[in-house]
Amino acid sequence: MDLSYGPEYDEFRAEVREFCRNHRPAKHRSRGIPGVTERPNPDVLAWQAKLIEHGYAARTIPKEHGGYGAKPDIIESRIIQEEFLAAGLPLGLSNQGISMLVPTLLEVGTAEQCAAYIRPTIYGEMIWCQGYSEPGAGSDLASLRTRAELDGDDWVINGQKIWTSSAHVADMCFILVRTEPEAPKHHGISYLLMPMDRPGIDIRPLVTMTGDATFNEVFLNDVRIPAKNIVGARGQGWHVANVTLKYERGMLGSADQGQSGIKGLVELLQEETVGSGRAMDLDHYRDRLLRLQGRTLANKYHGMRLLSQSINGEQTGTEGLITKLSATELAYDIYSLGVDVLGETGTLYNGSPYQAERDWQKSLLGCFTGIIGGGSANIQRNIIAERGLGLPREPQVRFDNGRWEMMPSASNKGGN
Amino acid sequence: MDLSYGPEYDEFRAEVREFCRNHRPAKHRSRGIPGVTERPNPDVLAWQAKLIEHGYAARTIPKEHGGYGAKPDIIESRIIQEEFLAAGLPLGLSNQGISMLVPTLLEVGTAEQCAAYIRPTIYGEMIWCQGYSEPGAGSDLASLRTRAELDGDDWVINGQKIWTSSAHVADMCFILVRTEPEAPKHHGISYLLMPMDRPGIDIRPLVTMTGDATFNEVFLNDVRIPAKNIVGARGQGWHVANVTLKYERGMLGSADQGQSGIKGLVELLQEETVGSGRAMDLDHYRDRLLRLQGRTLANKYHGMRLLSQSINGEQTGTEGLITKLSATELAYDIYSLGVDVLGETGTLYNGSPYQAERDWQKSLLGCFTGIIGGGSANIQRNIIAERGLGLPREPQVRFDNGRWEMMPSASNKGGN
Amino acid sequence: MHFGLSEEQTMLQDMLRRCLGERLDLETLKRTAGQPCDPDLWRALVELGVTGALIPEDHGGSGLGMLEAEVIAESMGRSVAPAPYLGTAVLAPLAWQLAGTPEQRERHLAPIASGEHRYGVGLTEVAGAPRHFGKVTLEDNRAWGRCYFVLDASDASHFLLTANADTLVVIERDAEGVSIEMLNDVDRTRGFAVVGLERTPFETVGESGGAAQAIDALLAAGRLMLAADTFGAAEAMLFRARDYSMERFQFDRPIGSFQGVKHLLADMVTDLEPCRSLIWYAAHVFDEQPAERVLHACHAKSLASEIGKFIARSSIEIHGGMGFTEELGLHLWYKRIEANRQLLGGPETVRHAAAVDQGWVQPLTATAT
Amino acid sequence: MHFGLSEEQTMLQDMLRRCLGERLDLETLKRTAGQPCDPDLWRALVELGVTGALIPEDHGGSGLGMLEAEVIAESMGRSVAPAPYLGTAVLAPLAWQLAGTPEQRERHLAPIASGEHRYGVGLTEVAGAPRHFGKVTLEDNRAWGRCYFVLDASDASHFLLTANADTLVVIERDAEGVSIEMLNDVDRTRGFAVVGLERTPFETVGESGGAAQAIDALLAAGRLMLAADTFGAAEAMLFRARDYSMERFQFDRPIGSFQGVKHLLADMVTDLEPCRSLIWYAAHVFDEQPAERVLHACHAKSLASEIGKFIARSSIEIHGGMGFTEELGLHLWYKRIEANRQLLGGPETVRHAAAVDQGWVQPLTATAT
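Residue numbers (my numbering), protein chains in the order written: chain A, 3 to 418; chain B, 3 to 418; chain C, 2 to 370; chain D, 2 to 370.
Dropping the structure here:
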């Protein structure tokens, strides 16, 4: 067990720390997340450019596409994160364009596509949204129905997308559409790049139970885009999308969330008075806190184990599949305890008079995005059981008119 | 809401109470359950005969078969139970012959079968065991493979049964066997009555994790029984068995178990010292106790609701299906708390020195019989969801050589 | 023997479900969230006799009991009805009847039955809530202090408040020195407020210092009604999830045909049904065996809160992404259940009260902040 | 950076698994349940260096650390090995090293490493167990009293006991006034006893009154080892359930293809893996950051106990009826997990200790009975 990064990284850490001491972005920040809920303002753009210049953002993107061109090194990335967090400095931009589209283009895009899109994306000048989910295609994403037909030199797109988080600020959309309606469902999909300023695109905000509208529905009515805006071959979109889905899983359910939640709970239980004592003195609240602390610590060290596996190029097995399920459940339980300890005050919300400093109720509501987004818990369990434990796949059956039928699939294999 | 049984039952209650005041069985009782783990001794038989004479056992069995011949009246049965419990008197014999075989014979048996078996069974002179489960047929009972072939005037039985609880003391066995191997699985089964003294029957005790051997395996090797020992028609055994299964569900998972468990926990938490105070003063133990008390009360009143539905001849819907699942989970949680409160002493077992008065650990182990016996929790959930909530049935598929296939069943219907 | 609702009670239930169902479609609910009660809805409920249910016939009510009140509360929760039912139709009539003088009952009950008076009720001083305890002091026939979390406060004409934990006072909304600060709570279907008093005239319900037992009963009644409200809302969410699981196809089959969803629904209903039996029983003993009131109301509140939370969360999860949009409106039920859980004591608090009631432990002594 | 087992540690693990796997087939385990440790097995373990793992090389051991001890404990649990590992190979060597004098270490460590001495260890006085607290008093160089739940007592040549919560004493089994009463516990793979002392000569480990810190460390080490033992047993039960669910056909399909079973297995492994990470980390800081010892050992014990219970129960359930027969032997693992849960403090007790360690609350003061 060696939890240090080794002396060979001391110099790099010193260098990052030096940068952090000497640089600070302009103070002008807003409440939204730049590139997700709002367009980055000039201060954000300037900070991003400075980070790229020093290699603290877009670090491994090739120089020819505007990046810093460093070799991938997980420890270096980690050190950057640690030092920036310690110094209270904002990290580089994080949005779906940067985390999902750019790696995909680098892996399967054409030279022309890379040249056109990567640079503006990493510099925060081009904002992307993701056009995957549809009202009828959630867990079963491959059943999507939005279709695109070639008409001369254009794709003509019709259909509807949902859960498109930055659609209202985006310049572009990487979108999955059905182009070969006759093919089996995973083989009829293509991956297109759609400018959001085209006629026929109608964006409507989708308000969630927290009252916020971070998501959108996007209606597509005869939207025309150039034929060359396809990534990968026709009908290969499912495979192209899986390149990015891989990146998305890493984004959700970070084990770190729990740490600040526990810290908040400890303060809350020490400050809240119940009867004549502190909530901390009531065993039932404290015991719940301690159970949560135990799970949080376990998730934290589990994250270190996974990091160590990546650094050492070890294959991650079952242990890598479970983090999302584990972290989202934990967050829900943490915020639930916060609300419970507050009693009636726990119902207060959104800056009500007499509310506790922290909005525990809103955090609790916010958990549902994590619980459901990026694959429901049951889908996660299937993945863990099938890929992790090697249990048989589900039978491919169809329920039609009150009767079960076998799917006409050539490969109804249950093994892995 | 009217929780009284009505003044018309006052006289009956007075009569039962009078009986209880004036009668008492001989004191000679053993630790086993008569008719299940041991044969009833003469004292038990005498008490049973007296109860039948007064109509407090075999109350609704026709006079011609040795019973008391009263009209079925749930309230009268309930009053008998209540008064006997209050007086600390043992109720009549309860075993699988009385609770399952006798009702079946009354419903579908021949006059000759009724005449031969009912009287000795209700008087405790003939003990029955149930030959349903097999090593390969547990949840999926209908897949049983023990077969019987007609050879002249005899059935010849070959196969193996398991979980046969009173096999070692039984005179007879009501057994499910496959008689039409070509028929679909539910249609090839017959229900036979097998004397346990026939050659070819080998009974081996099955020791469970508590260390007790209340169950047996029964090996059947060319066991010959008369052809007339069939109940219902050939191939109708599944339907005949369902008559009795209906009765078995009522036997398991009684809601009353929880009441005495809670009482025991209250005493335990008040007596046990943890640190310088009582366990009852530690909120986390007490809060667990209170949660369990709430669930126990809910189950108790739920039982009253179901009783009321039966009395009033109302159809019982979903609410009748859930009691087993609910009660077995509750018992497990109750005994777990008892063990936890005892700390290290909670590991002690089977009359160890220094053990608490009550054997919480053994009670906890004993829960598994309830959790698994009479249908696993997942089978219960399927029944609740399909019959209670109207959700679609499982698809009838088969996993063979790593591939899924549709079952060649004519009716792969998902509805109900 | 009959355990359950009588024919009349079932008719009352049907009538209310119909009335609320017709008036409270999803659009209306979404539109009115956060606003005071709709006067039309309230008039309809008054006409159905909701406000007079617990009031004797000679005071203009229908003289019904706690089980009928439970039926009404359950229906309110089922439709997440934005109406000040608990304060006006349950707690205020009970307070006057349990602690008031004959003259007061004569004067105050009829206007409640007729819908003329509406009551906000503040019991936080005795409900064992952490952080903010109300404290009202009485001197020279005037009241001073603050009461937090006054229920059903938004349209109240009167406030019924505890003072010194053993006295109940009623204050008119327009009286001298009354200040009302509305709170922003997660459930927007009912109005909670902090009511401040300064040199405010009041009327004591019955005798000063003589209402301790009545306050215990009010607290039990409030907890029981919140349990019923949660139960109704949870039942609605369960059956919406059931229906959705049969309509929603993924992987070419209804999601309710997957055991993952199927067994979750089975667990939900396995929790729900015994809880219904407990709540019915608690309502029954409230009238018939007053010594059992507190224990059963606390357990009803605790169990309904716990299973309500489980069912609410699971129902949203079964609905997938749509479950947490405003579109389906499920969040209205979810939030009502979350709020009910906290009001008049969260699960741990009411369980502690049940332990105190059984003599297992001493009460936590409350100190005002 | 490397989080996890080194190559050497993995080799140690493989070696132990092989050794224990070969010697402890199901028949042997069933036959020996309730009997003292099998001398052949013990000799094999001594030869593998199990007893010397934590003992410095110059005292005849191999000078390994707590992570190696964890690896061994995990393997013991995995095979439900009937061996007095915890007392002899972990707690006794730690006690001499943490509190003993150089002369004592010289004299006592080598016989442990060589397998000559075997220790029963009694820490109940400080473990916060309810009901029975041991109490040993020292006077005129003689010891009086009783110690309950002395671990690994059946074949012990020595007993290591706490006295007055700040002193560690060692007693020879054959010394004057020693009485040993074996307990009948649910797990029959290790031996627990009540040890009585009357005018018994003893040797103090280090200085009288100077072992408070060492006792804290011993308690932490014991809890951590029990967590590892539970973890190993739980992992074994999870994979047996996985294998069984693929072999066992019902309704013409492996039961593991039903989501009901599949998702349960997924939940089991989702709980198990982070617990492994926590236990490894706790073993690491035991040696490297002593200030973190108590907190992490308590959390490891608490989490392993909770998930161990869930996994043990679920594994039996997945096995259906066969799961609770003696035939499959699953009950041996189940019972070991249940017993570990209670030893040296149940989940609530160790969580309380974690809270005390963080300064969140005061310790419960223990009174002897």
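For every residue, glycine included, the Cβ atom is placed at its ideal position computed from N, Cα and C.
Next item on the list: Quick one: grab the DSSP three-state call for B:TRP157.
Entry: Residue numbering aside, residue 157 of chain B sits at position 155 when the second sequence is read from its first letter. Three-state DSSP puts B:TRP157 in a strand.
Next item on the list: Identify whether B:LYS265 lies in helix, strand or coil by the three-state DSSP scheme.
Entry: By 1-based counting over the second sequence, the position of residue 265 of chain B is 263. It is helical.
Notebook entry, point to check: So, is D:PRO348 buried or exposed, given that buried needs 16 or more other C-beta atoms within 10 angstroms?
Noted result: Indexing the fourth sequence from 1 puts residue 348 of chain D at position 347. Answer is buried; the Cβ neighbour count reaches 16.
Check: Any heavy atom of the ligand NAD closer than 6 Å to the Cβ of B:PRO92?
Finding: The ligand NAD is not part of the structure shown, which contains no ligands of any sort.
Next item on the list: Could you tell me whether any Cβ in chain C is nearer than 7 Å to the Cβ of A:ASN380?
Entry: Locating residue 380 of chain A in the first sequence gives position 378, where the first residue counts as 1. At least one chain C Cβ lies under 7 Å of A:ASN380.
Checklist line | DSSP-derived helix/strand/coil call for C:THR138 | finding: By one-based count along the third sequence, residue 138 of chain C stands at place 137. Reduced to three states, the DSSP call for C:THR138 is strand.
Item checked: Outcome for A:SER141 when other beta-carbon atoms lying within 10 angstroms are tallied against a minimum of 16 -> For the purposes of this step, residue 141 of chain A is taken as residue 139 along the first sequence, with counting starting at 1. When all chains shown are included, A:SER141 counts as buried.
Checklist line | For B:MET174, the residue or residues it bridges with in DSSP | finding: The residue labelled residue 174 of chain B in the question sits at position 172 within the second sequence. Answer is B:TRP130, B:PRO197, bridged to B:MET174.
Notebook entry, point to check: Can the beta-carbon of D:VAL286 be found closer than 7 Å to that of D:ILE216?
Noted result: Along the fourth sequence, read from residue 1 onward, the residue named residue 286 of chain D stands at position 285. Along the fourth sequence, read from residue 1 onward, the residue named residue 216 of chain D stands at position 215. No, they are not a contact pair.
Notebook entry, point to check: Using the beta-carbon of each residue, which ones in chain B are nearer than 8 Å to D:TYR335?
Noted result: Within the fourth sequence, the letter at position 334 stands for residue 335 of chain D. Those are MET211, listed as they occur along chain B.
Note to self: For C:SER63, would you say it is in contact with chain B, using Cβ-to-Cβ distances shorter than 7 Å as the test?
What the structure shows: Within the third sequence, the letter at position 62 stands for residue 63 of chain C. Output row for C:SER63: interface = no.
Check: Taking 7 Å as the CB-CB limit, is B:HIS188 close to chain A?
Finding: The residue given as residue 188 of chain B occupies position 186 in the second sequence. Output row for B:HIS188: interface = no.
Checklist line | Anticipated Cβ contact below 8 Å, C:TRP361 with B:ARG288, distance rounded | finding: Position 360 of the third sequence, counted from the first residue, corresponds to residue 361 of chain C. Position 286 of the second sequence, counted from the first residue, corresponds to residue 288 of chain B. Going by Cβ atoms, the distance from C:TRP361 to B:ARG288 rounds to 7 Å, so yes, they are a contact pair.
Next item on the list: Could I get the ranges of all uninterrupted beta strand (DSSP E) runs contained in the segment 75-135 of chain C, with 3 residues as the minimum, in chain order?
Entry: 120-123
Check: Nearest-angstrom Cα distance between C:GLN359 and A:GLU273?
Finding: Residue numbering aside, residue 359 of chain C sits at position 358 when the third sequence is read from its first letter. Residue numbering aside, residue 273 of chain A sits at position 271 when the first sequence is read from its first letter. Their Cα atoms are separated by approximately 30 Å.
Check: Closest by CA to C:ALA355, which one among C:ARG314, C:ALA305, C:HIS297?
Finding: Locating residue 355 of chain C in the third sequence gives position 354, counting from the first residue. Checking every option, the nearest Cα to that of C:ALA355 belongs to C:HIS297.
Item checked: chain B within 7 Å of C:VAL264, Cβ atoms only -> Mapped onto the third sequence, residue 264 of chain C falls at position 263. Note on residue identity: the sequence assigns His, not Val, to residue 264 of chain C. It does: the Cβ of C:HIS264 has a partner Cβ on chain B nearer than 7 Å.
Margin query: Closer than 8 Å is the cut-off here; do at least three beta carbon pairs connect the segment 220-232 of chain B with the segment 139-155 of chain B?
Written below: yes
Checklist line | Interface residues of chain A facing C:ASN185 [CB-CB closer than 9 Å] | finding: The sequence position of residue 185 of chain C within the third sequence is 184, counting from 1. The contacting residues are LEU350, TYR351, ASN352, GLY353, SER354, PRO355, GLN357.
Item checked: Contacting positions in the segment 314-342 of chain A - beta carbon closer than 8 Å to chain D -> ASN314, THR320, GLU321, ILE324, LEU327, SER328
Check: Which one of B:GLU10, B:ALA329, B:SER79 has the shortest CA to CA distance from B:SER262?
Finding: As a working note, residue 262 of chain B is residue 260 in the second sequence. Nearest of B:GLU10, B:ALA329, B:SER79 to B:SER262, Cα basis: B:ALA329.
Notebook entry, point to check: Which residues, taken in chain order from the segment 231-264 of chain D, show a beta carbon closer than 7 Å to some beta carbon of chain C?
Noted result: PHE259, GLN260, GLY261, HIS264
Next item on the list: Please check the pair A:TYR134 and A:ALA243, which I expect to be a contact at CB under 8 Å, by giving their CB distance rounded to whole angstroms.
Entry: Here residue 134 of chain A refers to the residue found at position 132 when the first sequence is read from its first residue. Here residue 243 of chain A refers to the residue found at position 241 when the first sequence is read from its first residue. That pair is a contact at about 7 Å.
Next item on the list: Kindly indicate which residue of A:GLY111, A:THR216, A:LEU367 has the alpha-carbon position closest to the one of A:PRO36.
Entry: Counted from its first residue, the first sequence places residue 36 of chain A at position 34. Among A:GLY111, A:THR216, A:LEU367, the Cα nearest to that of A:PRO36 is on A:THR216.
Notebook entry, point to check: Can you find a C-beta in chain D that's less than 7 Å from the C-beta of B:SER141?
Noted result: If you number the second sequence from 1, residue 141 of chain B lands on position 139. It does: the Cβ of B:SER141 has a partner Cβ on chain D nearer than 7 Å.
Margin query: So, at 8 Å on beta carbons, what are the nonlocal neighbours of A:CYS116 in its own chain, with the 5 sequence-adjacent residues on each side left out?
Written below: If you number the first sequence from 1, residue 116 of chain A lands on position 114. Within the same chain, A:CYS116 has close Cβ partners HIS67, LEU107, LEU108.
Check: So which residues on chain A does C:ILE338 lean against when the C-beta distance must stay under 8 Å?
Finding: Taking the first residue of the third sequence as position 1, residue 338 of chain C is located at position 337. Going along chain A, no residue has its Cβ under 8 Å from C:ILE338, so there is no contact; the nearest lies around 11 Å.
Notebook entry, point to check: For C:ALA54, does the three-state DSSP call read helix, strand or coil?
Noted result: Against the third sequence, residue 54 of chain C aligns to sequence position 53. Reduced to three states, the DSSP call for C:ALA54 is coil.
Note to self: So, at 8 Å on beta carbons, what are the nonlocal neighbours of A:MET409 in its own chain, with the 5 sequence-adjacent residues on each side left out?
What the structure shows: In the first sequence, counting from the first residue as 1, residue 409 of chain A sits at position 407. Contacts found: GLN398, VAL399, ARG400.
Note to self: Suppose only complete runs of 4+ residues qualify. What are the alpha helix (DSSP H) ranges in the segment 316-392 of chain B, listed by chain order?
What the structure shows: 320-323, 325-343, 362-374, 379-385
Next item on the list: Entirely within the segment 168-221 of chain D and at least 3 residues each: give me those beta strand (DSSP E) ranges in chain order.
Entry: 168-173, 180-183, 194-202
Checklist line | CB of B:ARG41 within 7 Å of CB of B:VAL171, strictly | finding: Numbered from its first residue, the second sequence carries residue 41 of chain B at position 39. Numbered from its first residue, the second sequence carries residue 171 of chain B at position 169. Yes, the pair counts as a contact, with Cβ atoms nearer than the cut-off.
Margin query: Pairs of beta-carbons, one from the segment 4-16 of chain C and one from the segment 72-84 of chain C, closer than 8 Å: are there three or more?
Written below: yes
Next item on the list: Could you check the C-alpha separation between C:VAL170 and B:LEU327 for me, to the nearest Å?
Entry: Taking the first residue of the third sequence as position 1, residue 170 of chain C is located at position 169. Taking the first residue of the second sequence as position 1, residue 327 of chain B is located at position 325. When rounded, the distance between both Cα atoms is 48 Å.
Margin query: By the three-class DSSP mapping on this structure, what secondary structure does B:TRP240 have?
Written below: Here residue 240 of chain B is taken as the residue at index 238 of the second sequence, counted from 1. Looking at B:TRP240 - three-state DSSP - the assignment turns out to be helix.
Checklist line | A:LEU271 at chain B interface by Cβ criterion, 7 Å | finding: Within the first sequence, the letter at position 269 stands for residue 271 of chain A. Not closer than 7 Å to any Cβ of chain B, the Cβ of A:LEU271 fails to qualify, so no.
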